[in-house]
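There are 2 protein chains.
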Amino acid sequence: MNIGEIARRAGVSRSTVSYALSGKRPVSEETRRKIQRVVDELGYRPSASARALANGRTSTLGLVFPPAGNHYTGMQLDFIGSVVEAAAAYDYDVLLSPSGVDSDRSFQRLLGERRVDGAILMEIRLEDDRVDHLSALAFPSVAIGRTARPEGAWWVGLDHTALVERCVHHLADLGHRRIAFVNRPEQLLRTGYESAHRGLEGFTKAAAERGLTVRTYCCGDDADSGQTCVERILHDDPATTALVTLNEAALGGLYRGLARAGRHVPRDFSVTGVVAGRWAETVTPQLTAADVPAAEMGRLAVDLLVERLDHPDAPPRHHLLTPPISLRASTGPAGARPDTDTGTDTAR
Amino acid sequence: MNIGEIARRAGVSRSTVSYALSGKRPVSEETRRKIQRVVDELGYRPSASARALANGRTSTLGLVFPPAGNHYTGMQLDFIGSVVEAAAAYDYDVLLSPSGVDSDRSFQRLLGERRVDGAILMEIRLEDDRVDHLSALAFPSVAIGRTARPEGAWWVGLDHTALVERCVHHLADLGHRRIAFVNRPEQLLRTGYESAHRGLEGFTKAAAERGLTVRTYCCGDDADSGQTCVERILHDDPATTALVTLNEAALGGLYRGLARAGRHVPRDFSVTGVVAGRWAETVTPQLTAADVPAAEMGRLAVDLLVERLDHPDAPPRHHLLTPPISLRASTGPAGARPDTDTGTDTAR
DNA sequence: CACTTCACGCGAACCGGTTCGACAACCGAT
DNA sequence: ATCGGTTGTCGAACCGGTTCGCGTGAAGTG
Numbered sequence: 001m002n003i004g005e006i007a008r009r010a011g012v013s014r015s016t017v018s019y020a021l022s023g024k025r026p027v028s029e030e031t032r033r034k035i036q037r038v039v040d041e042l043g044y045r046p047s048a049s050a051r052a053l054a055n056g057r058t059s060t061l062g063l064v065f066p067p068a069g070n071h072y073t074g075m076q077l078d079f080i081g082s083v084v085e086a087a088a089a090y091d092y093d094v095l096l097s098p099s100g101v102d103s104d105r106s107f108q109r110l111l112g113e114r115r116v117d118g119a120i121l122m123e124i125r126l127e128d129d130r131v132d133h134l135s136a137l138a139f140p141s142v143a144i145g146r147t148a149r150p151e152g153a154w155w156v157g158l159d160h161t162a163l164v165e166r167c168v169h170h171l172a173d174l175g176h177r178r179i180a181f182v183n184r185p186e187q188l189l190r191t192g193y194e195s196a197h198r199g200l201e202g203f204t205k206a207a208a209e210r211g212l213t214v215r216t217y218c219c220g221d222d223a224d225s226g227q228t229c230v231e232r233i234l235h236d237d238p239a240t241t242a243l244v245t246l247n248e249a250a251l252g253g254l255y256r257g258l259a260r261a262g263r264h265v266p267r268d269f270s271v272t273g274v275v276a277g278r279w280a281e282t283v284t285p286q287l288t289a290a291d292v293p294a295a296e297m298g299r300l301a302v303d304l305l306v307e308r309l310d311h312p313d314a315p316p317r318h319h320l321l322t323p324p325i326s327l328r329a330s331t332g333p334a335g336a337r338p339d340t341d342t343g344t345d346t347a348r
Numbered sequence: 349m350n351i352g353e354i355a356r357r358a359g360v361s362r363s364t365v366s367y368a369l370s371g372k373r374p375v376s377e378e379t380r381r382k383i384q385r386v387v388d389e390l391g392y393r394p395s396a397s398a399r400a401l402a403n404g405r406t407s408t409l410g411l412v413f414p415p416a417g418n419h420y421t422g423m424q425l426d427f428i429g430s431v432v433e434a435a436a437a438y439d440y441d442v443l444l445s446p447s448g449v450d451s452d453r454s455f456q457r458l459l460g461e462r463r464v465d466g467a468i469l470m471e472i473r474l475e476d477d478r479v480d481h482l483s484a485l486a487f488p489s490v491a492i493g494r495t496a497r498p499e500g501a502w503w504v505g506l507d508h509t510a511l512v513e514r515c516v517h518h519l520a521d522l523g524h525r526r527i528a529f530v531n532r533p534e535q536l537l538r539t540g541y542e543s544a545h546r547g548l549e550g551f552t553k554a555a556a557e558r559g560l561t562v563r564t565y566c567c568g569d570d571a572d573s574g575q576t577c578v579e580r581i582l583h584d585d586p587a588t589t590a591l592v593t594l595n596e597a598a599l600g601g602l603y604r605g606l607a608r609a610g611r612h613v614p615r616d617f618s619v620t621g622v623v624a625g626r627w628a629e630t631v632t633p634q635l636t637a638a639d640v641p642a643a644e645m646g647r648l649a650v651d652l653l654v655e656r657l658d659h660p661d662a663p664p665r666h667h668l669l670t671p672p673i674s675l676r677a678s679t680g681p682a683g684a685r686p687d688t689d690t691g692t693d694t695a696r
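As you go down the protein sequences, you meet chains A and B in turn. Going by the numbering used here, the first residue of the first sequence is number 1, and it counts up by one from there. Going by the numbering used here, the first residue of the second sequence is number 349, and it counts up by one from there.
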């Protein structure tokens with residue numbers, strides 16, 4: 001079942017078999033066919049380990065995703081799926097690595113033991129040890145997300161700042177003056193998670209530009225937290241008429257909280273944000289949102305990484321995406337119900 | 349950076365370095381420390397490819413998941429995440445393979461090129477080529493799901509039949525007499541997808557036992573399809589008062605369809621089914637459902653596979669799980685609103 | 001003091017491919 | 001007949017580990 005066996009049966013040398021299969025040197029049509037027949041008969045396939053050892057390439061990409069214990073969001077699934085598919089199109093396999101903090105065990109495995117030719121990093125933080133580490137090593141990698149100083153790096157990212165700004169402007173245009181921002185969990189914000197930071201930045205900036213009264217909240221990645229968060233928002237400022245969120249996992253809970261408080265979406269309360277399209281369509285009314293093009297981002301990341309692998313000294317490239325806001329049904333003009341009705345919640 | 353380099357610097361032979369690091373033969377404390385110092389200084393890590401070639405084990409598990417183009421569900425994400433985590437605990441990496449149909453390219457890569465020591469299969473069909481193929485090859489694998497004849501195989505599965513039966517009984521106990529079943533997409537049912545079949549079987553059986561009037565539907569894996577499906581259900585039999593579903597991606601759409609038709613959950617209409625707990629808690633009212641313990645299943649699958657790898661001729665084992673129904677808020681007694689009100693939908 | 005025993009370390013072979021340099025056979029051109 | 005250039009094939013070295021068998025020096029024993 002190894003190349004020697006094939007060579008013996010075909011009556012040629014091992015190197016000839018190798019050349020016949022790889023085509024890296026001409027082989028006469030006759031011996032090529034002879035070899036091919038033996039290969040087909042035995043169903044021979046060259047061992048990936050041996051090949052990797054010999055030519056130093058594993059044909060495998062590493063996909064580094066967030067630390068264990070975190071909730072996984074739907075977006076992450078879309079990244080994973082699209083990365084795997086895109087990689088397969090280039091004849092690469094994908095090795096999953098549950099790495100979070102820098103220099104942890106499985107991260108070491110990928111690089112130190114040379115299991116992968118390149119890596120794609122998810123869940124980027126503004127100051128990211130992993131990115132620094134990889135770039136110091138000049139190890140081919142592409143980040144899905146963008147650090148504080150992304151110059152000279154390879155990445156594909158979403159312009160969360162601009163997207164959230166647009167959401168705020170959209171709401172302001174509709175007449176909303178008191179808006180809340182529902183961010184990802186505080187722990188993520190504290191550790192410098194990119195989208196949480198840039199989203200917040202965009203929110204603050206746009207709110208200032210429009211002179212809005214705003215509050216910002218962190219919210220756990222689950223429905224219950226979303227519900228609690230809405231309770232806090234309406235308690236802190238019952239006159240709030242809209243919110244912007246990045247937290248797709250909490251979305252259902254946000255809606256529930258609003259319903260419980262007797263706020264009808266979009267009549268008395270508008271909701272918008274940046275979430276995957278699939279989630280935006282799951283809630284009722286469907287969410288007006290900038291749809292995260294996760295599948296496209298995964299594909300682009302693989303494209304970049306493969307390019308970087310094929311041309312080791314190509315200049316750094318990146319893609320910054322700014323998908324448009326999809327108008328659905330969760331936002332509407334402010335003041336359909338007068339602002340005066342703010343004393344107590346109408347429902348328990 | 350290879351073992352020869354370490355040996356040279358430590359002034360010993362390559363084999364001694366190998367033994368010192370693996371501990372497979374005793375090495376004097378002194379030389380061991382000498383070697384360890386050099387290793388630490390240079391940050392040496394043995395090449396995975398070379399090791400794999402030498403000892404025939406890749407320390408990698410394959411995770412075979414559904415064909416491209418499918419929507420991925422939240423459940424699948426939970427499987428992937430828990431498998432990766434559990435594998436890491438055993439010092440295995442996980443290689444993702446987007447294989448669907450049998451003997452397709454990437455499936456061949458995993459096995460033919462010996463990239464993995466064992467495989468975990470997801471999205472099992474009752475007659476599954478991949479399972480047959482692997483068991484014919486005696487290749488170590490564990491299925492998440494159970495074929496029509498699972499005897500002698502390694503798997504971890506959910507007793508969809510029993511779970512859906514329980515859902516039906518739960519509804520029947522509440523007085524519901526006309527119940528619909530919302531299955532996964534027709535294409536999955538047609539190709540023999542396990543959960544769709546067994547779920548349907550359990551539904552039919554329990555409905556017969558309780559003498560219920562039922563209809564069964566297939567529904568696409570997205571919110572819009574869910575909404576459309578509810579419209580069909582209420583059109584086909586406006587007296588329907590409850591539904592059971594396996595389709596978590598459609599859940600939001602089902603709720604929307606009911607709301608649009610003016611049916612309040614759970615006052616005029618009960619909903620239940622088998623979905624991941626996270627999803628059940630996202631909708632409002634929260635879904636009374638048998639929560640799919642996806643994370644546990646992934647972990648168990650890895651446990652089984654590792655056991656099988658460590659003891660090549662251990663007898664086949666499996667786990668059939670039957671999680672309890674979590675009572676939440678989406679089911680209630682039938683007839684809170686009289687059955688007579690069935691002429692036309694009250695809302696558009 | 002010679003004789004086993006044991007702990008330790010070494011060299012060589014091997015895993016299964018790839019790749020380089022050499023060489024033989026054949027071609028047409030001088 | 002000789003020479004230069006192809007074309008097709010082979011042998012050997014190499015990738016970076018693991019593992020087996022053997023040799024050696026020190027310790028233990030009668």
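All C-beta atoms, glycine included, are put in the ideal place defined by N, C-alpha and C. All values reported here derive from a predicted model rather than from experimental measurement.
In angstroms with no decimal places, state the Cα-to-Cα distance between residue i and residue j.
i: A/THR73; j: A/ALA249; result: 7 Å
i: B/THR561; j: B/ALA436; result: 49 Å
i: B/THR466; j: B/LEU653; result: Note on residue identity: the sequence assigns Gly, not Thr, to residue 466 of chain B. C-alpha separation (whole angstroms): 7 Å.
i: A/ALA68; j: B/ASP569; result: Confidence is the limiting factor: at A/ALA68 the pLDDT is only 48, short of 50, which leaves the residue's position unreliable and the question unanswerable from this model.
i: B/GLY359; j: A/VAL275; result: 58 Å
i: A/ASP102; j: B/LEU443; result: Unreliable positioning characterises A/ASP102 in this predicted model, as indicated by a pLDDT of 48, which lies under 50. A coordinate reading is not provided.
i: A/GLY335; j: A/HIS235; result: 19 Å
i: A/HIS197; j: A/HIS318; result: 20 Å
i: B/ALA501; j: B/VAL479; result: 9 Å
i: A/ILE35; j: B/GLY391; result: 44 Å
i: A/SER135; j: A/VAL302; result: 17 Å
i: B/ARG514; j: A/ARG215; result: 46 Å
i: A/LEU77; j: B/LEU425; result: 6 Å
i: B/ARG611; j: A/GLU85; result: 41 Å
i: B/THR690; j: B/ASP452; result: Since pLDDT at B/THR690 reaches only 43, below the 50 mark, its modelled position is unreliable, and the value read off the structure follows with that caveat. In a straight line, the C-alpha of B/THR690 is about 51 Å away from that of B/ASP452.
i: A/VAL116; j: A/THR228; result: 43 Å
i: A/GLN286; j: B/ARG525; result: 32 Å
i: B/HIS659; j: B/TYR438; result: 15 Å
Suppose contacts are defined by Cβ-Cβ distances below 8 Å. Is residue i in contact with residue j by that definition?
i: B/PHE551; j: B/ALA590; result: no
i: B/GLY493; j: B/GLU542; result: yes
i: B/PRO446; j: B/PHE413; result: yes
i: A/GLY192; j: A/LEU121; result: no
i: B/PHE427; j: B/MET645; result: yes
i: A/THR282; j: A/SER330; result: no
i: B/LEU602; j: B/THR588; result: no
i: B/ARG399; j: A/ASP93; result: no
i: A/ALA223; j: A/ARG256; result: yes
i: A/GLY277; j: A/SER326; result: yes
i: A/VAL156; j: A/VAL168; result: no
i: B/SER430; j: A/GLU113; result: no
i: A/ALA280; j: A/ALA289; result: yes
i: A/LEU188; j: A/VAL292; result: no
For residue i, which residues does DSSP report across the bridge?
i: A/ASP237; result: Answer is none; A/ASP237 lacks a bridge partner.
i: B/SER674; result: B/ALA637
i: B/CYS566; result: B/ASN531
i: B/ASP441; result: B/THR408
i: A/HIS318; result: A/TRP155
i: A/PRO112; result: For the sequence presented, residue 112 of chain A should be read as Gly rather than Pro. None; A/GLY112 has no bridge partner.
i: B/SER618; result: B/ALA590
i: B/LEU469; result: B/VAL412 and B/ALA491
Mind reading off the beta-carbon distance from residue i to residue j? Whole number of angstroms is fine, and I expect it under 8 Å.
i: A/ILE233; j: A/ALA180; result: 5 Å
i: B/GLN681; j: B/GLY523; result: The amino acid occupying residue 681 of chain B in the given sequence is Pro; Gln does not appear at that position. Correct: roughly 5 Å between the Cβ atoms.
i: B/THR670; j: B/ALA510; result: 5 Å
Review point. With contact counted as at least three CB pairs below 8 Å, one residue from each stretch, are the stretch 395-407 of chain B and the stretch 24-42 of chain A in contact?
Key: no
Check your understanding: Are the stretch 357-370 of chain B and the stretch 379-391 of chain B touching by the rule of at least three beta carbon pairs closer than 8 Å?
Key -> yes
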